[in-house]
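What follows is a single structure, written as structure tokens, with notes after it.
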Amino acid sequence: MNDYPLDISHKIGTCNFEARYLNNLSYAYNSLEESRRAINYLQQSLEIQQEIGDKRGESDSWFNLGNSRKNLQQKSEAKTAYENARKLYQAMKLDQKVEKCDEAIQNLEN
546 MNDYPLDISH KIGTCNFEAR YLNNLSYAYN SLEESRRAIN YLQQSLEIQQ
596 EIGDKRGESD SWFNLGNSRK NLQQKSEAKT AYENARKLYQ AMKLDQKVEK
646 CDEAIQNLEN
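In this note's numbering, the protein residues as written are 546 to 655.
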């Protein structure tokens with residue numbers, strides 16, 4: 546019997562946990578007003594989520610990246626991150642999350 550599918554499943558599960566952990570670390574650093582450190586963790590999280598195809602996790606990381614960029618007054622980069630999150634949320638039909646992205650983008654423009 547081939548254990549390859551099990552190995553892949555285990556790897557994806559481990560990667561998913563790692564990506565979520567990095568995302569949570571970024572949230573903590575944002576709360577401590579250390580947005581640059583938060584961005585570093587979010588970029589690592591995004592890379593893993595894109596690699597394993599975790600669209601929900603990826604969209605959450607994009608949204609959090611938008612928040613971090615906004616905290617650093619990087620409005621253009623924040624808007625791009627929110628737009629990336631919005632596209633993914635929209636594809637998953639997560640209307641409330643789409644609305645949060647729209648609000649975040651609107652707040653950048655005010």
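Note that the Cβ used here is the ideal one computed from N, Cα and C, for glycine as well.
In the three-state scheme derived from DSSP, where H, G and I count as helix and E and B as strand, Leu567 is classed as helix.
By a beta-carbon distance limit of 8 Å, Asn629 contacts Trp607. Their separation comes to about 4 Å. In its chain, beyond the 5 residues on either side, Asn568 have a beta carbon closer than 7 Å to the beta carbon of Asp605. Nearest neighbour of Leu570 by Cα position, chosen from Asn561, Asn655, Leu587 and Gly558, turns out to be Leu587. Beyond the five residues adjoining it in sequence on each side, Lys615 comes within less than 7 Å, by CB distance, of Ala623 and Leu653 in the same chain, given in chain order.
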